[in-house]
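As numbered in mature numbering (1 follows the signal peptide of the UniProt record, and there is no 0), residues -21 to -1, 1 to 1032 make up the sequence shown, in order. Here's the structure we're looking at; comments come further down.
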Amino acid sequence: MYFSGQKSLLAGALLAGSAMAVTVAAPVAAQGVRKPYTIEAQNLAAALRVVRRETGLNILYAPQAIAGKTTQGFRGDAEPETVLRAILQGTGLTYQYLSENAVAVMTVDIGPDSTPAPETATTPAPSRRPVAEAPGYVEEVIITGSRIARTGFETPVPTTVVDAPTIANSGFVNIADILEDFPAIGVGLGAANTFRSSDAGAAFVNLRGLGTNRSLTLINGRRRVSGSSTSSAVDINTIPAAMIERVEVITGGASAVYGADAVSGVVNIITRTDFDGLELSVNGGLSQHGGADNISAGFFGGTNFAEKRGYINFGAVYNSSGQLRARDRDFGQERVVSVGNPDNTGPGDGIPDRVTLRNFNDTYTTYDANFFIDGVTYTFGDNGLDTVTGEVVRPGPLGAVIGDVGATFLDWFELRAPTEVFSVRSDMRYIIGDSISFFAEGEFSATDSSNLTQYFRFDERGFWLSGNGGPRIQRDNLFLPDEVAALMDANALTELPVRRSFNDFGDLENRHERRTFSAVAGFDGALPNGWGWEASYQYGEYRDNITNTNLIIGENFLNAVDVVAGADGQPVCRSAAAQADGCVPYNLFARGPLTPEQRAYFVHDRIQNVRNTQETIVGQITGDLVTLPAGPLAFAAGAEHRIETLRTRDDGLSLAGEISFLGLANPRPPIDEQFDVTEGYVETRVPLLKDMPFAHALDLEGAFRYSDYDTIGGTTAWNIAANWSPHEDLRLRVSRARSVRAPNLVELFGPQNTSITNFIDPCDVTRVPENANRAANCAALGVPADFTDTFVGTLVTSGGNPDLREETSDTFSVGMVATPGFLPGLSLSVDYFMIDIEDAVSGFGATEIAERCVDAASIDNPFCEAITIGGDGSLSAINASIINVAEQTVSGIDFSVDYGFPLFAKGRMQLNLVGTYLLELERQADPSDPNTLVVDDGEIANPRMRMRFVTAYSQGPWSITMENDFISSAEIDAQAGPEAFDIPDVSARVYTDFIFGYDVDDRYRFNIGINNALDIEPPFSASSYLGGGPGQNGAVRYDNIGRFFFAGVQARF
């Protein structure tokens, strides 16, 4: 098929307690172990691979830094550090410890009175103090956000690195689930919020909560073909966690370095490479309460060839993440909603405008046939004629009650959608000569996923089944039950609108079969005077074959339920034309599986196809222009040409308007569009002062990029930053950047689509008190003062806009990094950040458009121009097409503390705290009208404070880790008044995980762990209980799996 109170107190105590005691990186196998080594004289890249394998040191370097260099090798008994120093002797390179088990190889700094070291020079001994600034408890070599090689502690902006041990300790098989725990990552798209998404089963990163389309995802520093039919976002589900070496994250504008889309930052996924040997791994996990199980199995191998002038790696991984339905959890047994309070008398009465209800169910969605006559909802099923009972919440034909009606959307609703991924990947490098190498990478992934939407149903609303309004069963219908016929006669009815939810037709399932291919080939090498160059070509292709199952062919179904007696007394379709077309009668009042003939006549599986391609040609050079008194002036320059295409095709019946359900099957006219862009960029780093009073180091750096799009014309992006270390223990940093995002192909050329949405009209008499401007604006729109929403649905039109222009953003950050010498192993960082976006490309939701229209100072605003009011005062239509209008702002404070120290005999304790305090997250649709301001900070999707605190202890072959993730209390609506909700906020959450690891003979690694060990449920509210349900995207922030056990084993040969 498809490849709370006591617990919260205890969790809080664990979080506080762990601060006194917490990540285990890889075992510190490399430190202090003396043994014999034999490393032959050879090129440096090959030798470093041997050192990495034999010592266990995690050695990181920029390829340009070692290109063309050789080593004399090493023989003898020694500790790993001695071996590394010998290998680097005479190369002009040194190394810097980043943690106890990670080092960065780099060029030797040249001081004011120095000359280049001769080839026989001894490699300088590095400082052994681990230097850390990034908000993570992992290794810190970061070149994301810059094409000039540097270590993480030198970067001028906040950075995070998630390494392989962290990934292995997570218990997850998808990198998206792992990244969600880190405070800088907002709610993106993933397994828990794909409800009715055209990209169901994909996973997109959302940095700083500014949207997945403003976060640029790179694979090994290179762009990747889009994995979406609606944006340029990269699907990170195609990269199994087991294939990832580390993930580097820079938050802030990086368009000057990497181009469009890097408005809120860059996520750079570094895959495993340069491996000698064979590694096998198996990981799996089970939830205590069932569902959401996962498994991952794979191998990774590599070898040298051509006398170690080259290497080749190959790996394959299979991942499976299981489904989790709402009905599988206690908190998913009852539908929780927030509705207008009928007892509300107006502002200032102390009565909440909206109340939260449990076990809320619609009266018109029963699995038995139901109909509304003279104010009563009747059903007909196995027990004959009956009425819907319960406490009436919403009267009328589209009513709702508190109570069991025999059907609820929780019967099918998914908390997590299932996904299967199979990926193969290979990379190679071959040193052609002393100054040139050839490299290539190739990857293919097959991702199969599905998600469910509601069972097919119909009712009397006019948009159902191509506007027919649902079937009107005639009095002479042959299948009409006697009891129903008598009821019709008693009410003088000759026809009766009948509603049903058809759970016996099968699930309405969106199946995605995604295939992604990417390949890159190129050359790099060394030039005289330490310069390096690279030229490459990359091609990527993404295909998604989408199947929407069990849709209804509208006209055929209406013919099938309109049944009379034939000449022989047997049921036949009333329409002679339908009979001639093979119409098969269907009894609307009977439940049971369809016959093959009925299914063939009026059930259809819709097929859609999406194809994205990307071609990129890149050339760049890097090196030192001159040597200044404080060091070399680093420089990088390059050019890039990129072509991206999007092609979509829809089902023939869909395009003909013959199938329909809740907007799911609305026709999607074909798209055949492309754009190309040519870009040039420069980047430099200028050392101004070094080893002077109050200036241990002072550097400036800057970047500039010009891009020429054939869609929007020319754009420019730039950044400038400074690093100042008044003392070796303290570094201050500041940066300012201008970034751009070009509208993607769907935003520009997406076809106009129509769908139906349902929400309580803001001009409904129960909702008018929610805002002081509503009464006057609703009246100005022609809505009666006593208007009551009949819940008939609103027609929404959305689509692309070829007149869009680029959006621009300004980013500012300032902070400090401290590594006090009096406390070795301690590092601290604090940074303030602010991102301000103008002319944001925005597609507002129907609910937001309606509310912002009537909440503004007057109806003279962009939102009111987008709505149409019907004759009865209801919202009949909304135009939700994409426009350049909005402003978005986010600001906050990132902080981290990392402290590692020896504890007990040969043991080591590692403590790490990383967090983000959100100061501001706002959107303003009309910058000239303050009433269009939308405040998102402090709400469920964007809580004010998020922290991750890790305590870990390792000794010899074993390690134990405790991880705590804190989410502060959050509001339902940050702009709501004190009477808006009966439950205005949700309480804070702390999730605690435990991981135990053990190594056997440096060849086998065993991990077992428990996620959410205290089995904390999501906080109770209508906006947070069920995950990615309608209007509940913010609930994805909370764990809905519960206590989860996992284990894994890794073997190396």
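Glycine included, each C-beta is placed from N, C-alpha and C at the ideal position.
The three-state secondary structure of Ala845, taken from DSSP, is helix. Put simply, of Asp178, Thr49, Tyr932 the residue whose alpha carbon is nearest the alpha carbon of Ile525 is Asp178. Secondary structure note for Tyr896: its beta strand (DSSP E) is the uninterrupted segment 886 to 903. Pro219 is positioned such that its CB atom lies closer than 7 Å to that of Val400.
Annotation for Val228: Thr139, Val246 place their beta carbon closer than 6 Å to its own, counting only its chain and skipping 5 residues before and after. For secondary structure counted as the beta strand (DSSP E) over 3 or more consecutive residues, the stretch 632 to 718 holds these complete runs in sequence order: 650 to 671, 674 to 688, 692 to 706.
For the 7 Å CB-CB criterion, Leu890 and Ala797 do not form a contact.
Val355 is classed as exposed because its beta carbon has fewer than 16 other beta carbons within 10 Å across all chains shown. Ranked by Cα distance from Ile739, the first of Ala754, Asp768, Ser497, Arg478 is Asp768. Closest in alpha carbon position to Ala514, among Gly779, Gln599, Lys287, Pro909, is Gln599. Contact between the stretch 941 to 957 and the stretch 970 to 977 is present: three or more C-beta pairs spanning the two stretches fall below 8 Å. With a 10 Å radius around the Cβ and a threshold of 16 neighbouring Cβ atoms, Ala884 comes out exposed.
Three or more beta-carbon pairs separated by less than 8 Å link the stretch 601 to 621 to the stretch 505 to 513, which places the two stretches in contact. Inter-residue distance for Leu760 and Thr776 is about 20 Å (C-alpha atoms, whole angstroms).
Under DSSP, the beta-bridge partners assigned to Ser402 are Val296, Ser424. Pro781 is positioned such that its CB atom lies no closer than 7 Å to that of Pro326. Residue state for Asn262 is assigned as strand, using DSSP reduced to three classes.
For Cys757, no beta strand (DSSP E) segment is defined; the enclosing uninterrupted segment is the alpha helix (DSSP H) at 753 to 759.
The shortest C-alpha to C-alpha distance from Asn362 to any of Arg64, Val463, Gly548, Gly375 is the one to Val463. Residues Thr345, Tyr346, Asp347 of the same chain have their beta carbon placed closer than 7 Å to that of Gly385, with the five preceding and five following residues left out of the count. When secondary structure is reduced to three states using DSSP, Tyr290 falls in the strand class. For Arg925, the closest alpha carbon among the candidates Asn863, Tyr1017, Asp834 is that of Tyr1017. Here the alpha carbons of Asp905 and Val719 stand approximately 20 Å from one another. Beta-bridge partners of His583 (DSSP): Leu530. The Cβ atoms of Asp689 and Asp651 lie no closer than 7 Å to each other.
In the DSSP assignment, Met467 falls within the alpha helix (DSSP H) that extends over 461 to 469.
In this structure, Val597 keeps its C-beta atom at 7 Å or more from the C-beta atom of Asp523.
For Ile18, the beta-bridge partners assigned by DSSP are Phe53. Collapsing the DSSP output to three states places Tyr977 in a strand. Around the beta carbon of Asn470, fewer than 16 other beta carbons lie within 10 angstroms, which makes this residue exposed.
Where Ser234 is concerned, the enclosing alpha helix (DSSP H) starts and stops at 234 to 237.
Annotation for Gln558: the continuous alpha helix (DSSP H) segment containing it runs 555 to 559.
Spatial neighbours of Ala835 in its own chain (CB-CB distance under 8 Å, excluding positions within 5 residues in sequence) are listed in chain order as Asn752, Asn756, Phe842, Cys843, Asp905, Asp908, Asn910, Thr911. Spanning the alpha carbons of Tyr297 and Leu63 requires a straight line of approximately 36 Å. Bridge partners of Val864 according to DSSP: none are assigned. Annotation: the stretch 139 to 207 contains the following complete segments of the beta strand (DSSP E) (minimum length 3 residues), in chain order: 194 to 198.
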